[in-house]
Every structure is written in C-alpha cells, then in structure tokens.
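What follows is a single structure, written as structure tokens, with notes after it.
There are 2 protein chains.
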Amino acid sequence: MNQPGESLRDRKKRRTRAALERATVRLAAVKGYDHVTVEEIAAEADVSVRTFFNYFASKDEALIGADPEVGPRMAERVLAFPDTVTPFEAYRCSVLAEITEELDSARELWLLRKEVLMQRPDLLVRAFASGAESEQLLASAVARRAELPEDHLYPRLLVSAGSVAFRCAVTRWALDDSLALGDLVTEAFDLFGAGLAHVPHHREGGS
Amino acid sequence: MNQPGESLRDRKKRRTRAALERATVRLAAVKGYDHVTVEEIAAEADVSVRTFFNYFASKDEALIGADPEVGPRMAERVLAFPDTVTPFEAYRCSVLAEITEELDSARELWLLRKEVLMQRPDLLVRAFASGAESEQLLASAVARRAELPEDHLYPRLLVSAGSVAFRCAVTRWALDDSLALGDLVTEAFDLFGAGLAHVPHHREGGS
DNA sequence: GAACTTTTTTGCAGTCACTGCAAGTTTGCA
DNA sequence: TGCAAACTTGCAGTGACTGCAAAAAAGTTC
C-alpha cells in the first residue's frame, strides 16, 4: 500500500514540517523573532517541543525552512544541463528555478519572511551558514561541469556568489517589492557574471 | 594623566579582550569548538563568565575575534583612495591591507583558528553574519565612491563578495597553507573582478 | 591622600535553545 | 490480529546568554 509515492506517514510528516515552518515565520513576523519561543511555535503547530527539534536542528532553520532536499536537487539540476551550457549559466538557471518554484508554492510565506528579515538581516546570513554541506555538494557539481579540480576556488566562489546574489536580492526586495525577486536575482547574477571590476551604469528610474 | 592615547584602563581592556580571544581559539583548537564552555574560556582568561559577555556578544564572536573597529576603519580606507582608483580596487586593497595587518600581528592565532575552521567551516559563515552592520557601513562607502544610490545592488554585492573571497580563501588555505592567504584572497578578487561568466583556466601545478 | 565620580567586574537568578534517553503511540505490513 | 519500524513525547540536564544591583578599580579634584 505504498505505491503513490506518498504514504500516510510521509504526508503527515510533510504537513507537520510545513506547520512548524509556517508557525515560526508567522509568529516571528508578528512578535519579533527573538520574542518567539520554540514552545510557542510547537504549541501553534500542535506538537511537542521535542518534535520541533526532530524536524529542525534550530529555530533559525525553521525560520528559513531549511530543506535538506534542496542541495541535492540543485546539484542534480546543474549536472543535467547539456555540455554546451556554461557552468555559470547552469548554476544561475538552477538557482532561479529553485526560487521561482519556491515562490510559486509558498508566496505568502515568503512575504511574511520578508517582514522578519527586514528587521534582522543577519538571520538570512546565519541561515545560509547551516547550508554548508549543501554548498559543498553544489561546489562539487560545478567543479565537475567546469572540469576543474575539487579544491579550485572558482566553484566555491560561484556557489557562494549565488547565496550572496539571493541574499542581496531578498534584502533589496524587502525594501521595495515592486520588483520581482527573480529579476533581482538575475540582475545580481549578471553583475557577477560580467565582473565586479567595473561599476555598472546607473539607470535612472530603472533598477 | 591621559595623554598617551592609552590609559591603564584601556590597556587592561585590550589585554582582557585579547586573552579571551586567545583562550577561545586555543581551547577550541584543542578540544573542539562545542566541547568548550564559556566557563572554561573565562577561567583560562582569569575573568568571570559575566565579563566574557561584556566583551563578546557570543562565543562565536570571541572565536573570530570580532573587532568593532574593523568596519569603520575599512570604510575610511575605501574613501581615502584617490578618485582615479576604481571602487573595486579600493575595496580590494582595503581588504588585503586589513588581512595582512591582522596576520602580521597575530599569525599564530590564525593558525589555530585555521584548525578550528577546518573542522567546522560553518563557523566562519556564522561569524560573518554578526558583521552585518559593518557590511552596511562598507556598502555605503562603496556606493559613495561608485556614485551609485545607497540601495543599488552593486555595492552590497561587492562587499559581500569580499567576505566570500575571504571565506573561500581561508577554507582553501586551511587545506594547504603552502599558499599565502593574501595571495588566495587576491586570486579570488581577480575572479570576481573578471566575472564569473567564464571558467578560468586551470593552471596545472599552479593554484 | 581623602572624598567623589565613572567604569569595569562580578555574582546571582532566571530564561531559553537544544540534547540524549527511555517510554508511549502510530503506521506499515504480513 | 500481531509484530516491527518509524514517530512523538516527556523528562532531566547542559550551557549560552541577559538584567540587575552590589563590589572593586581607576581616574579626578582638592
């Protein structure tokens, strides 16, 4: 009775995880991140505190909704592009795909998250720190595509640049969400792609 | 009796801070970061636990030796370069100056830190998160130099890229310290400067 | 050097994140 | 129905971190 890919158990776990994530973000947006206790979060999601920690290693992780599947999924995506695509493009597309997918499936959640991150930008950085092994995984994938040794700087730099692009885009998006997050990320990637050595033109009125 | 720039008090504070930093790094290198308690650190530095927290907001900060003066100092440096220097170069030089200065004055400490960060790369990321206001300050300085509005992506991206360059350089340095840290940072900046769109050549034997 | 102000240190009590362990409960499967 | 594996929970404990108010320096003034 386990064909449809999702057992009762799996569905329940998914729901619990989502409930915890949602509760964390909602409460943090309303009361301020550090005025929210894990106890409250667990209560809102209708589970015990201990269960909260079965799902997330920390409050930070819950806020950002750290998903262990993201890393592997993106690595797979990066490697799936045909060889004619540069590592840079492959990676950029993977990031964008992930973001738009995420945003499509949980836009309201991200709007709340935005509120929180507006008040505490450091949380975004901290949250990305936990994804260290994911970064390692992605860097390996990029290295393979770029035909560079594992320990070369380029893959790490590119992957980290992706994080930065995302982070900065979110920060800017938080100040003014008339721009689409995806566009901001794209713009950031463009700057990284073209090189930071020269200052970009400042288009009045545009971004 | 307060002319020579440093009163007894100032000297003592400096020494205490250094002792705490040193104790944190040393113990972490020996016993592993999370097997070290603040109590032990304080004991080794011969102060109370409460005093530890008067100097550092967290254990993380003590490990990295977060210095509140670095941000302002670098911002000043960035602005001090003549107008003929590009923002990119100004920033790159400021970062390098800071690093070599730091390394010259406390090389052994950094060698110990390396040990710790080798085992827990995420700590470096986390530590940089606390420097969020510093990043803001630096971004403003860069924006001014680049004649871009405060909220443009470029300054934030450049400053964050600097953090990344440093982080990745340290990570790589930790694996093989036959290369000078400064050279690795320079290499990273070069890649960012030239643009990540194209894959760099892989020089056999070289870096 | 005594009296006074300002800074720094300290102890203490308390909150909260997070962990391991040993039940208890639920779900999957035969 | 009955067993095994997966999930949840409570509990006890550790340790980071904070606010507060008193003790101890250090700097200043006469």
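Taken in order, these protein sequences are the chains called A and B. 207 is the number that UniProt numbering gives the last residue of the first sequence; the numbers go up by one with no jumps. 207 is the number that UniProt numbering gives the last residue of the second sequence; the numbers go up by one with no jumps. We put the CB at the ideal spot given by N, CA and C, even for glycine. Being a predicted model, the structure only gives us computed values, none of them experimental.
Report yes if the CB atom of residue i is closer than 7 Å to the CB atom of residue j, and no otherwise.
i: residue 24 of chain B; j: residue 62 of chain B; result: yes
i: residue 162 of chain A; j: residue 95 of chain A; result: yes
i: residue 153 of chain B; j: residue 106 of chain A; result: no
i: residue 194 of chain A; j: residue 32 of chain B; result: no
i: residue 172 of chain B; j: residue 124 of chain B; result: no
i: residue 87 of chain B; j: residue 132 of chain B; result: no
i: residue 126 of chain B; j: residue 26 of chain A; result: no
Measure the alpha-carbon distance for residue i versus residue j and round it to whole angstroms.
i: residue 76 of chain A; j: residue 91 of chain B; result: 36 Å
i: residue 68 of chain A; j: residue 56 of chain A; result: 10 Å
i: residue 35 of chain B; j: residue 28 of chain B; result: 8 Å
i: residue 19 of chain A; j: residue 45 of chain A; result: 5 Å
i: residue 38 of chain A; j: residue 21 of chain A; result: 11 Å
i: residue 81 of chain A; j: residue 138 of chain A; result: 14 Å
i: residue 73 of chain A; j: residue 97 of chain A; result: 11 Å
i: residue 164 of chain A; j: residue 192 of chain A; result: 10 Å
i: residue 141 of chain B; j: residue 78 of chain B; result: 7 Å
i: residue 149 of chain B; j: residue 143 of chain B; result: 6 Å
i: residue 184 of chain B; j: residue 190 of chain B; result: 10 Å
i: residue 52 of chain A; j: residue 42 of chain A; result: 6 Å
i: residue 13 of chain B; j: residue 65 of chain B; result: 14 Å
i: residue 174 of chain B; j: residue 130 of chain A; result: 20 Å
i: residue 84 of chain B; j: residue 93 of chain B; result: 14 Å
i: residue 128 of chain A; j: residue 9 of chain B; result: 39 Å
i: residue 122 of chain B; j: residue 58 of chain B; result: 15 Å
i: residue 54 of chain B; j: residue 60 of chain B; result: 14 Å
i: residue 155 of chain B; j: residue 169 of chain A; result: 12 Å
i: residue 159 of chain B; j: residue 6 of chain A; result: 44 Å
i: residue 100 of chain B; j: residue 110 of chain B; result: 11 Å
i: residue 104 of chain A; j: residue 119 of chain A; result: 24 Å
i: residue 108 of chain A; j: residue 108 of chain B; result: 49 Å
i: residue 11 of chain B; j: residue 70 of chain A; result: 49 Å
i: residue 102 of chain A; j: residue 134 of chain B; result: 31 Å
i: residue 50 of chain A; j: residue 40 of chain A; result: 12 Å
i: residue 151 of chain B; j: residue 89 of chain A; result: 26 Å
i: residue 48 of chain B; j: residue 30 of chain B; result: 22 Å
i: residue 136 of chain A; j: residue 113 of chain A; result: 26 Å
i: residue 186 of chain B; j: residue 157 of chain A; result: 13 Å
i: residue 117 of chain A; j: residue 116 of chain B; result: 29 Å
Extract the residue ranges of the alpha helix (DSSP H) inside the segment 50–100 of chain B, only unbroken runs of 4 or more that lie entirely within it. 59–64, 70–80
Jot down the residue ranges of each uninterrupted alpha helix (DSSP H) in the segment 137–174 of chain A, minimum 4 residues, whole runs only, in chain order. none
Stretch pair the segment 193–203 of chain A + the segment 170–181 of chain A: three plus CB contacts closer than 8 Å: no
In chain order, which alpha helix (DSSP H) runs of at least 4 residues are fully inside the segment 178–204 of chain B? 181–194
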